[in-house]
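Undergrad: Take -15 as the starting number for the sequence shown in our numbering and just add one per residue.
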Amino acid sequence: MPRDREPLSVGRVIGDVLDPFTRSISLRVNYNSREVNNGCELKPSHVVNQPRVDIGGEDLRTFYTLVMVDPDAPSPSNPNLREYLHWLVTDIPATTGANFEHFGCQDNIILQNMIPNDPISENILLANGQEVVCYESPRPTAGIHRFVFVLFRQLGRQTVYPPGWRQNFNTRDFAELYNLGSPVAAVYFNCQRESGSGGRRP
């Protein structure tokens, strides 16, 4: 498929958030029974709770970082908070079973304070990754917003750290800071106010 016809390019995710890249691993995001496909529309009531995320790969020694951003905050016509960081999970092991549907920040705080080198603690962390910025559910107030999930391969475990704020996050700068290179996968959905319908992005 020509690059300019790819959904991420058509939706201007390539350009506004990411540079062109080649997908090299599978990434599936599901809100209950709704799978996120590029450009699909989900209502705020569909995305209240963090999704289940399934990542491909079989080498448990490889770790990934998942970023979720809104490049249209606070509104597509005036995105002066671009990008707004909704979720950040690090140290995700490469396995089709990796998911975070029951892994909250409160749990993460407890896990981080567990006994160092304790096998039980280590296994829990390895199984889930570390949610270092809590999931904040999308609640757009104006226009149709894009919500983008981006997956990066880490150089090693515990090599990526959270930023100090959510607004004006920059995925490209974040990737450069932690030597993450190009994304290995990305997917996005559209969302607008619960009562909104139709319309188009400016």
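Even glycine gets a Cβ: it sits at the ideal position worked out from N, Cα and C.
1) Does the beta-carbon distance from arginine 137 to isoleucine 9 come in below 9 Å?
2) Please name the residue in Val171, Cys118 and Leu164 whose C-alpha comes closest to that of threonine 46.
3) For the alpha helix (DSSP H) containing threonine 155, list its first residue and its last residue.
4) Determine the DSSP secondary structure at serine 105, reduced to helix, strand or coil.
5) If I follow the unbroken alpha helix (DSSP H) through valine -3, where does it start and stop?
6) Alpha carbon to alpha carbon, how far is proline 60 from isoleucine 128?
7) Would the beta-carbon of threonine 74 fall within 9 Å of that of valine 116?
8) How about histidine 70 and methionine 52: do their beta carbons lie closer than 9 Å?
9) Look up proline 77 in the DSSP assignment and say whether it is helix, strand or coil.
TA: According to the structure shown:
1) yes
2) Leu164
3) 155 to 161
4) Unreliable placement is indicated for serine 105, whose pLDDT of 38 sits below 50; no coordinate value is reported for it.
5) -3 to 0
6) 7 Å
7) yes
8) yes
9) strand
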